[in-house]
Amino acid sequence: MTPIELYIHIPFCVKKCLYCDFLSGVFDEKMQRRYVAALCTEIKFQAKRHPGCIVSTIYVGGGTPSWLSEDLMDAIITTVKQSFKLDPLAEISVECNPGTLSSEKLNLYRSVGINRLSIGLQSANDDELKELGRIHDYNRFLHTYDLVRKAGFDNVNVDIMTGLPHQTIAKLEKTLNAVTMLRPEHISAYSLIIEKGTPFYDKYKFDAVKQQAGMQTEDLPTDEESYNLYKFTMQYLEKKGYKRYEISNYARNGKICRHNVGYWDRVPYLGLGLGAASLFDNVRTSNISDIYKYCEISEAISSGKNVPSEHSCAYYDTEEVLSKKDAMEEFMFLGLRKIDGVARSDFYNMFAIDIEAIYGPIITALRNQGFMDAKEGRLFLTDIGIDVSNQVLSKFLLDK
Amino acid sequence: MDQSKIRNFCIVAHIDHGKSTLADRIIQMTGTLTDREMQAQVLDNMDLERERGITIKSQAVRIIYKADDGQEYIFNLIDTPGHVDFNYEVSRSLAACDGAILVVDAAQGIEAQTLANVYLALDHDLDVIPVINKIDLPSADPERVIEEIEDIIGLEAQDAPQISAKTGLNIHDVLEAIVNQLPAPKGDPKAPLQALIFDSLYDPYKGVIVFCRVKEGTLKIGDSVRMMATGAEFDVVEVGYFGAGQFIPCDELPAGMVGYMTASIKNVRDTRVGDTITHADKPAAEPLPGYKKVNPMVYCGLYPADGAKYPDLRDALEKLQLNDAALQFEPETSIALGFGFRCGFLGLLHLEIIQERLEREYNLDLVTTAPGVVYRVYKTDGTMIELTNPSNLPDPSEIEYMEEPIVEAEIMVSSDYIGAIMDLCQERRGQYISMEYIEETRALIKYTLPLNEIIYDFFDALKSRSRGYASFDYEMKGYAKSDLVKLDILINKEEVDALSFIVFSGTAYERGRKMCEKLKEEIPRHLFEIPIQAAVGSKVIARETVKAMRKDVLAKCYGGDISRKKKLLEKQKEGKKRMRQVGNVEIPQEAFMSVLKLDED
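In structure tokens form, the structure reads like this:
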């Protein structure tokens, strides 16, 4: 049995946040029902195309999956269980936003086996939440968090953001304090990225360039300030007992997110739903991102029609076969995102060649510059190496 | 063809006074072109010329005009560049003419280049007829301009045509003035051949196309001809004249005509502009007087961004040199930039134009080093070297003293800005010569200035300090002893030879400081701190630091965006390839050129 992971995409939001470039939008309940039906069709369809797999993790992401009504979430998880073989110890996560959960919903989650929740807080400062275009304030988050704990969830993540416009160390400290006080098992701390196509891009694109160039900015923190916010977060969380295990992820008592670690370890995964991406047999695919087409394909398939496609499957929009070189590059730039880096033996087992034969000179140079280190058969980035990891990781791309 | 019905002339003017527009209008009104064929400004046929609105290369066109006297006349109109950098081209074109039309803007009046060009025309014994252009402008004041022309230049201007080249008003007057006031060429079609080469063009099918003015004798297809200076001999394959934008073959070019010849000439060096063509079997006794020889005044290094393109750059420079006799080049090497060429130009505009032509027409990606002038270095052993590359400066212990080229500049400026312009000249180490008021509101200021001080951005500074109300021209005056030092730039403690330049010792500190500031902006942050230092000898006189990049992180990387994140990393890697590696530091190519523009804010 091949262990695989499942990612399930729910592209619906109560309201789009101003910085968000994920594939999601505001749709009514009718559309949500149609989509979930289509999604269940795809789940069954892909299960048949991938026999002999055992699902070790499920991650329901979005969008705001917690916005779906109980019966829809029930339908999704039940379909997965009916279609795939599920490891009894599987990690099953759902992304939630404050204000979209109720104790009824949470009880349903528990009953279908959902055992990990990820709550998007972003900030404990209401002015920052407003600036980000979030649907909730800090009090609403506290209420949601309380419901989650009362429902018995013992593996909870809280998302926060650094590098927000006008964010100071004091404001960040308030957020960090508010979150760590609650003792969630896991914290993800992301630096704000100004993405094209978002209202934030229109508002802050010049500032973002200035920040990148190390110049004086207007609203965003300068590069120096952004660095300080990021470092402060790291030190604060470590002090509170949260161990950093990836660039932006911290866990207490070893409660890392197994699903996400799978991405960095290149475990095979199937992405199900609109725009979802998969890695299977060294082929990367992504589903189409037009929700109407997506539903039509599923509806055709469920009515027994054969849907022609230029790809190996009607849902796919892109399909890329990875060469050995691609796979080696990915192994490095994904694996080195983890604080404990990559194992030399894993590289050898995967590619039947010693890592030094491919990357020897690069590794030596990076070690000499202090960006990388090695210990007990593992190679990993140092603190300063992680700080500038884009620069460092790009060195692992091989010439054609 | 009856020689008395030929008029060979050019149009001279200060930049933007409407020279090319008038040329277009003449061509259009004489009917050699239909309106449909009329591309705006047909004579400026390089893309670059049209974009910049300036004429770089001389161009010629033959047109037929039926005059009021009922006779048909042949006009050979030779367009000339207006910018001070291209005096040499003007000079070449003028030698092919018998007369010149002087265009003066009815609002602006006489400007510095108006004077310079008129004097050049008079030097060539050309008859000059003034034309007052842009009389349709609300600010036009033709009476004042007539007075200026008479007072300052000393040309009769009461009856000068008052025109608008833009609207076509009174162009007929200009055509009649050409017929009635400009002389017909002289010369005996039966005499031994003397034809002056005033330009040339390389054509991949025909070989070199030689532009010439037949002064004596007749040039025919099949003639065996000799280039009097180079001694090269050829059999003429084709002769002809210039249609608008095309070559029109004919049987012969008799004395007085302007046209072209081809002779399967493959070697560009065999046909020098300024040389005289004669018959091999019946040569003229002596060549025509050559043109005023002009040496490059500004030198810089040109390097291919991609080292493998070095031979392509050489080929391209050779081809450009064919059409641009003032361009000179020789191979050189730089530690920072590899193999390239030290090139000589007439001025900074000339440099920029050659650079752009290499990039556009020959598709080359170039790195340009700071331009400098030709210094004379007198050594303690009694010898003198002409220094075009700062890297070749001998050890200070071997130098007795140095000299730098000096120009005499004439600046015409409205009286409101005299103070500002004098300050500028003073800052640039100018020596005041004189000032005279041409009229109440305008003055002509003369200064001697080191050439070194005007090649960078003097022209821009002049324009900005006078709000555009100053014009400028200069000519070489020779050399003067000066206290000069070599300023070196060290990036991360390593000297970058391509950034070294010679500077007056009194301004070394200022320039060094500005260089460091500019480079700090240009060099992207690295993973380590980069000191940028300016040094004279072993003494560091200025320093800036490019701070180390401390944070560059992709916060999120999950299953959905791995392909996208990889592209980001690839982009980062690609960006590095376009940089020059000096030691551990990657320097963008633009940095080598941008340091010239130190006075911009």
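Quick mapping for you: the protein sequence lines, in order, are chains V and G.
Number 55 in my numbering belongs to position 55 of the first sequence; there are no gaps in the numbering.
So the number in my numbering is just where the residue sits in the second sequence, counting from 1, plus 1000.
For glycine and all other residues, C-beta sits at the position ideal for the given N, C-alpha and C.
Residue range of the beta strand (DSSP E) that includes V/Val148:
Start at 1 with the first residue of the first sequence, and residue 148 of chain V comes out as number 148. That residue, V/Val148, is in no beta strand (DSSP E); its alpha helix (DSSP H) goes 138–150.
Under 9 angstroms, Cβ to Cβ, is there at least one residue of chain G near V/Gly214?
The sequence position of residue 214 of chain V within the first sequence is 214, counting from 1. Taking Cβ atoms only, chain G reaches closer than 9 angstroms to V/Gly214, which makes this a yes.
Extent of the continuous alpha helix (DSSP H) to which V/Gln122 belongs
Residue numbering aside, residue 122 of chain V sits at position 122 when the first sequence is read from its first letter. No alpha helix (DSSP H) holds V/Gln122; the beta strand (DSSP E) holding it covers 116–122.
Of all the CB atoms in chain G, is at least one closer than 9 angstroms to the CB of V/Glu406?
The question about residue 406 of chain V has no answer here: the residues shown for chain V are numbered 1 through 400.
When you compare the CB of V/Val388 with every CB in chain G, is at least one pair closer than 9 angstroms?
Taking the first sequence and counting its residues from 1, one reaches residue 388 of chain V at position 388. Yes, its Cβ sits closer than 9 angstroms to a Cβ of chain G.
Under 8 angstroms from any heavy atom of the ligand COA, does the C-beta of G/Gly1347 make it?
In terms of ligand content, the structure shown is empty, and the ligand COA therefore cannot be addressed.
Between the segment 1404–1424 of chain G and the segment 1441–1454 of chain G, do at least 3 Cβ pairs fall closer than 8 angstroms?
Segments in contact, yes.
Would you give the residue range spanned by the beta strand (DSSP E) that G/Val1298 belongs to?
Walking along the second sequence from the start, residue 1298 of chain G turns up at place 298. Counting along the chain, the beta strand (DSSP E) containing G/Val1298 begins and ends at 1298–1304.
Does DSSP put G/Tyr1202 in a helix, in a strand, or in coil?
Residue mapping note: residue 1202 of chain G aligns to position 202 of the second sequence, counting from 1. If DSSP states are grouped into helix, strand and coil, G/Tyr1202 belongs with the strands.
Shorter than 9 angstroms from the beta carbon of V/Thr57 to some beta carbon of chain G?
Sequence index remark: in the first sequence, residue 57 of chain V carries index 57 (1-based). With respect to chain G, the C-beta atom of V/Thr57 has no partner C-beta closer than 9 angstroms.
Given a threshold of 16 other Cβ atoms within 10 Å of its Cβ, counted over all protein chains shown, does G/Asp1068 qualify as buried or as exposed?
Taking the first residue of the second sequence as 1, we reach residue 1068 of chain G at position 68. G/Asp1068 comes out exposed.
Proximal residues of chain V, C-beta to C-beta of G/Val1553 below 9 angstroms
Numbered from its first residue, the second sequence carries residue 1553 of chain G at position 553. Residues of chain V passing the Cβ test: Ser191, Tyr230, Ile247, Ser248, Ile386, Asp387, Val388, Ser389, Asn390.
Short-range partners of chain G found in the segment 321–345 of chain V, where Cβ spacing is below 9 angstroms:
Asp326, Glu329, Glu330, Phe333, Leu334, Arg337
Say whether the segment 75–90 of chain V touches the segment 46–53 of chain V, bearing in mind that this needs 3 or more beta-carbon pairs closer than 8 angstroms, one atom from each stretch.
yes
For G/Arg1357, the first and last residue of its enclosing alpha helix (DSSP H)
Here residue 1357 of chain G corresponds to residue number 357 of the second sequence, with the count starting at 1. Note, G/Arg1357: alpha helix (DSSP H), 1348–1361.
Is it buried or exposed, G/Pro1524, if we count other Cβ atoms within 10 angstroms and call 16 or more buried?
To locate residue 1524 of chain G, count along the second sequence from 1; it is residue 524. By the neighbour-count definition (other C-beta atoms within 10 Å, threshold 16), G/Pro1524 is a buried residue.
Where the beta strand (DSSP E) containing G/Tyr1558 begins and where it ends:
As a working note, residue 1558 of chain G is residue 558 in the second sequence. Where G/Tyr1558 is concerned, there is no enclosing beta strand (DSSP E), given that its DSSP letter is neither H nor E.
9 angstroms is my cut-off, CB to CB: does V/Met372 come that close to chain G?
Numbered from its first residue, the first sequence carries residue 372 of chain V at position 372. False, the Cβ-Cβ gap to chain G never drops below 9 angstroms.
Have a look at V/Ser123 and V/Glu238 and give me their C-alpha separation to the nearest angstrom.
As a first step, residue 123 of chain V must be located in the first sequence, where it is residue number 123. As a first step, residue 238 of chain V must be located in the first sequence, where it is residue number 238. Roughly 19 angstroms between the two C-alpha positions.
Do V/Ile10 and V/Gly271 have their C-beta atoms within less than 9 angstroms of each other?
Residue mapping note: residue 10 of chain V aligns to position 10 of the first sequence, counting from 1. Residue mapping note: residue 271 of chain V aligns to position 271 of the first sequence, counting from 1. For V/Ile10 and V/Gly271, no; Cβs fall outside 9 angstroms.
What is the rounded straight-line gap between the Cα of V/Asp146 and the Cα of V/Leu101?
Taking the first residue of the first sequence as 1, we reach residue 146 of chain V at position 146. Taking the first residue of the first sequence as 1, we reach residue 101 of chain V at position 101. If I take the Cα positions, the gap works out to 11 angstroms.
For V/Asn260, return the contacting residues in chain G, with the cut-off set at a CB-CB distance below 8 angstroms.
The residue you call residue 260 of chain V lines up with position 260 of the first sequence. Result: Tyr1558.
Just the Cα atoms here: how many angstroms apart are G/Arg1428 and G/Glu1570?
If you number the second sequence from 1, residue 1428 of chain G lands on position 428. If you number the second sequence from 1, residue 1570 of chain G lands on position 570. Straight-line Cα distance between these residues: approximately 47 angstroms.
For V/Ala277, return the contacting residues in chain G, with the cut-off set at a CB-CB distance below 8 angstroms.
Taking the first sequence and counting its residues from 1, the one referred to as residue 277 of chain V is at position 277. Within 8 angstroms Cβ-Cβ: Gly1559, Gly1560, Asp1561, Ile1562, Ser1563.
Report buried or exposed for V/Thr318, applying the criterion of at least 16 other Cβ atoms within 10 angstroms of its Cβ.
On the first sequence, residue 318 of chain V is found 318 positions in, with the first residue counted as 1. Exposed, by the Cβ-count rule.
Own chain, CB closer than 7 angstroms to V/Thr449, minus 5 neighbours either side, in chain order
Because chain V here runs from 1 to 400, residue 449 of chain V falls outside it and cannot be looked at.
Find the nearest neighbour of V/Lys150 within the set V/Asp71, V/Ser309, V/Leu106, judged by alpha-carbon distance.
In the first sequence, residue 150 of chain V corresponds to position 150, counting from 1. Closest by alpha carbon: V/Leu106.
Chain V contact residues for G/Gln1572, given Cβ-Cβ distances below 8 angstroms:
Locating residue 1572 of chain G in the second sequence gives position 572, counting from the first residue. By Cβ distance, chain V contributes Asn390, Gln391, Ser394.
Between G/Glu1475 and the rest of its own chain, which residues show a CB-CB distance below 7 angstroms, the 5 nearest in sequence each way excluded?
Start at 1 with the first residue of the second sequence, and residue 1475 of chain G comes out as number 475. Taken in chain order, the residues that qualify are Val1407, Glu1408.
Could you tell me whether any Cβ in chain G is nearer than 9 angstroms to the Cβ of V/Asn107?
Position 107 of the first sequence, counting from 1, holds the residue named residue 107 of chain V. Closer than 9 angstroms: no.
Can the beta-carbon of V/Val112 be found less than 9 angstroms from the beta-carbon of V/Thr57?
As a position in the first sequence, residue 112 of chain V is number 112, starting the count at 1. As a position in the first sequence, residue 57 of chain V is number 57, starting the count at 1. Contact: no.
If you draw a straight line from the C-alpha of G/Leu1554 to the C-alpha of V/Leu334, how long is it?
Numbered from its first residue, the second sequence carries residue 1554 of chain G at position 554. Numbered from its first residue, the first sequence carries residue 334 of chain V at position 334. Rounded to the nearest whole angstrom, the CA to CA distance from G/Leu1554 to V/Leu334 is 11 angstroms.
Anything in the segment 1511–1526 of chain G with a Cβ closer than 8 angstroms to a Cβ of chain V? List those residues in chain order, please.
Pro1524, Arg1525
Whole angstroms is fine: what's the gap from G/Ser1091's alpha carbon to G/Gln1533's?
To locate residue 1091 of chain G, count along the second sequence from 1; it is residue 91. To locate residue 1533 of chain G, count along the second sequence from 1; it is residue 533. If I take the Cα positions, the gap works out to 44 angstroms.
Please confirm if G/Lys1566 has its CB atom under 9 angstroms from at least one CB of chain V.
For the purposes of this step, residue 1566 of chain G is identified with residue 566 of the second sequence, where counting begins at 1. Taking Cβ atoms only, chain V reaches closer than 9 angstroms to G/Lys1566, which makes this a yes.
Any chain G beta carbon closer than 9 angstroms to V/Pro11:
Working through the first sequence from its first residue, we reach residue 11 of chain V at position 11. Answer no: the Cβ-Cβ gap between V/Pro11 and chain G never drops below 9 angstroms.
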